[in-house]
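In this note's numbering, the protein residues as written are 11 to 112.
A virtual CB, placed ideally from N, CA and C, is assigned to each residue, including glycine.
Keep in mind the model is a prediction, meaning the values are calculated, not measured.
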């Protein structure tokens with residue numbers, strides 16, 4: 011539940027900051043036969059959208075909302091890295107067991 015609240019807070023904050031940064035911009039954009047659109051440079055710059063950024067598209071009562079997506083790097087765990095986690099977890103269990111005995 012707390013994670014969901016944090017995500018909602020992040021979304022609300024991003025939306026608020028975007029509204030503050032954009033002094034209402036509007037552009038007419040064409041849709042290609044494949045469904046592709048190109049955002050004008052002024053809109054991309056105002057929204058802080060750079061090449062290769064991800065964007066969330068969602069439907070709203072007013073139409074389609076496009077907003078920058080929050081992306082986080084993903085770490086792929088090698089067997090060596092997993093062993094490091096296991097060792098740290100064992101060490102933590104030993105420390106916690108020692109504190110419980112006091």
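- Comparing alpha carbon positions, the residue from 88, 103 and 47 closest to residue 67 is 47.
- Scanning the region 21 to 92 from its first residue to its last, the whole beta strand (DSSP E) runs of 3-plus residues come out as 65 to 70 and 73 to 78.
- Leaving aside the five residues that flank residue 65 on each side, the residues in its chain whose CB is nearer than 8 Å to its CB run, in chain order, 59, 76, 77, 78 and 79.
- Of all alpha-carbon atoms in 37, 109 and 61, the one lying nearest the alpha-carbon of residue 53 is that of 37.
- Residue 56 is positioned such that its CB atom lies closer than 7 Å to that of residue 35.
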